[in-house]
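Report on the structure given below.
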Amino acid sequence: LFLGEAIGIGMGGSDLKFVLITGIITFLFTSVALSVHACFYNYYELVGTQKNNPYKIVYNVLKYALYHKSPENRSALTYWENEIPSRVDLGKSKYGGPFSEENVENVKTFWRIVAVILSTFGFYIPYYHLITADVVNTFEGAKTG
Numbered sequence: 001l002f003l004g005e006a007i008g009i010g011m012g013g014s015d016l017k018f019v020l021i022t023g024i025i026t027f028l029f030t031s032v033a034l035s036v037h038a039c040f041y042n043y044y045e046l047v048g049t050q051k052n053n054p055y056k057i058v059y060n061v062l063k064y065a066l067y068h069k070s071p072e073n074r075s076a077l078t079y080w081e082n083e084i085p086s087r088v089d090l091g092k093s094k095y096g097g098p099f100s101e102e103n104v105e106n107v108k109t110f111w112r113i114v115a116v117i118l119s120t121f122g123f124y125i126p127y128y129h130l131i132t133a134d135v136v137n138t139f140e141g142a143k144t145g
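Numbering-wise (my numbering), the sequence shown opens with residue 1 and increments by one.
Written as structure tokens, this is what we have:
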């Protein structure tokens with residue numbers, strides 16, 4: 001008894017063979033990729049170990065931006081650009097903040113990505129509803145048929 005027949009999906013023999021062969025090939029490629037990664041992890045690690053948790057960096061930069069409206073310990077050698085920096089930018093070390101410029105820019109990029117993902121989320125809701133309805137109709141048709 002094949003799995004497809006057990007859950008009520010009426011597949012032909014060739015369709016079921018295709019699904020099984022595709023699953024086996026996917027499993028093999030995933031196994032090979034994980035094995036290569038485990039064997040050669042130390043050889044292709046170029047960045048080095050990560051010292052800080054990225055979630056803590058995001059949290060700390062945003063916390064600093066929330067509690068500090070003006071720069072702290074600003075050096076006389078630092079300069080203001082033509083535009084006043086944002087509160088998140090005040091966390092940069094060049095404005096007297098405790099974070100490197102790279103960390104602050106990474107946080108800003110992270111929030112831009114979150115905004116794009118949240119803005120496109122609404123487009124997928126109708127598509128998800130259509131796919132779910134199609135799957136439910138397929139199973140209901142298999143039960144009655």
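Idealized CB from N, CA, C, for every residue including glycine. Computed from a prediction, not measured in an experiment: that's the story for all the values here.
Helix, strand or coil at residue i according to DSSP, with G and I counted as helix
i: residue 99; result: strand
i: residue 119; result: helix
i: residue 86; result: coil
i: residue 69; result: coil
i: residue 43; result: coil
i: residue 60; result: helix
i: residue 106; result: helix
Per DSSP, cross-strand counterpart(s) of residue i
i: residue 92; result: 99
Cα-Cα separation, residue i to residue j
i: residue 121; j: residue 114; result: 10 Å
i: residue 38; j: residue 32; result: 10 Å
i: residue 63; j: residue 110; result: 15 Å
i: residue 56; j: residue 43; result: 28 Å
i: residue 1; j: residue 59; result: Because the pLDDT of residue 1 is 43, which lies under 50, any placement of that residue in the model is unreliable, and the number read from its coordinates should be weighed accordingly. Their backbone Cα atoms lie some 53 Å apart in a straight line.
i: residue 20; j: residue 27; result: 11 Å
8 Å contact criterion, which residue i and residue j should meet: CB distance rounded
i: residue 101; j: residue 94; result: 7 Å
i: residue 34; j: residue 65; result: With a Cβ gap of about 40 Å, residue 34 and residue 65 do not count as contacting.
i: residue 29; j: residue 61; result: Their Cβ separation, rounded to whole angstroms, is 39 Å, which puts residue 29 and residue 61 out of contact at 8 Å.
i: residue 104; j: residue 116; result: About 19 Å separates the two Cβ atoms, so there is no contact after all.
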